[in-house]
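When we follow our numbering, the leftmost residue of the sequence shown carries the number 5, and every step to the right adds one. Cβ atoms here follow ideal geometry from the backbone N, Cα and C, with glycine treated the same way.
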Amino acid sequence: MAKIPLPLPEGMSGTAGSAGFCVFAGCHLEPFSDGAPMRLKQLEAALRSMPPRCRLVLAGDLNMRNAEEPSVEGLGLSDASKWAGSKALFTWNSSINKYHGPEQRSYTARYDRVYLRGWSCQQLQLVANEPVTPGHLDYLSDHFGLLATLQLLP
Numbered sequence: 005m006a007k008i009p010l011p012l013p014e015g016m017s018g019t020a021g022s023a024g025f026c027v028f029a030g031c032h033l034e035p036f037s038d039g040a041p042m043r044l045k046q047l048e049a050a051l052r053s054m055p056p057r058c059r060l061v062l063a064g065d066l067n068m069r070n071a072e073e074p075s076v077e078g079l080g081l082s083d084a085s086k087w088a089g090s091k092a093l094f095t096w097n098s099s100i101n102k103y104h105g106p107e108q109r110s111y112t113a114r115y116d117r118v119y120l121r122g123w124s125c126q127q128l129q130l131v132a133n134e135p136v137t138p139g140h141l142d143y144l145s146d147h148f149g150l151l152a153t154l155q156l157l158p
């Protein structure tokens, strides 16, 4: 684990980790709708591996369904999209992204998430949601990306 001091916003003293640690974690959790119980266990295990009450940004292909949100919030994490007031940002959109081929079933989902502790999110936007080459159907990934603008909470 690398320790990198982050300056605090104006009016706050010290560094972001001066009261503990600031952790940035990426993960890829259990897929499919029946994987919800395992995803919760995986998140709990990840949180146990981190310093208690650390400031945390946990992001990635969490394969979450909306019904799982209360369980994740029960772990003390907040969804960046709720902070930012974002409409549903579908990081999976197989109706336009044919990464897996034209025969794939078309649907949208918000599988990728950014969860926070000790941060607020001012803006959350979809990125890499255009074909690599205009006029072609080649995307960087089967998932679109998320770009979050964050601010430390006091």
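1) Quick test of the definition: if touching needs 3 or more C-beta pairs under 8 Å, does the segment 136-155 touch the segment 59-69?
2) Give the DSSP-derived three-state secondary structure of D38 in the structure shown.
3) Decide if S85 is buried, meaning its Cβ has at least 16 other Cβ atoms within 10 Å, or exposed.
4) Name the DSSP bridge partner or partners of W123?
5) Can you tell me which of the three DSSP states S82 falls into?
6) Quick one: is R69 near chain D, going by C-beta distance under 8 Å?
7) Quick check on A132: does DSSP put it in helix, strand or coil?
8) Taking the beta strand (DSSP E) that D65 belongs to, which residues open and close that run?
9) So for L151, helix, strand or coil by DSSP?
10) Indicate the three-state DSSP secondary structure (helix, strand or coil) for A113 in the structure shown.
In short, the structure shows the following:
1) yes
2) Position 34 of the sequence shown holds residue 38. D38 falls in the helix class under three-state DSSP.
3) Numbered from 1 along the sequence shown, position 81 holds the residue referred to as residue 85. Counting Cβ neighbours within 10 Å, S85 comes out buried, since at least 16 surround it.
4) One-based indexing of the sequence shown puts residue 123 at position 119. Partner(s): L156.
5) Against the sequence shown, residue 82 aligns to sequence position 78. Residue state, collapsed to three classes: strand.
6) You won't find chain D in this structure, because it holds only one protein chain.
7) In the sequence shown, the residue the question calls residue 132 occupies position 128. Coil at A132, not helix or strand.
8) Translated into the one-based positions of the sequence shown, residue 65 becomes position 61. Here the beta strand (DSSP E) through D65 covers R59 to D65.
9) Stepping through the sequence shown from its first residue, residue 151 is reached at position 147. Note: L151 maps to strand in three-state DSSP.
10) Counting from 1 along the sequence shown, the entry for residue 113 is found at position 109. Looking at A113 - three-state DSSP - the assignment turns out to be strand.
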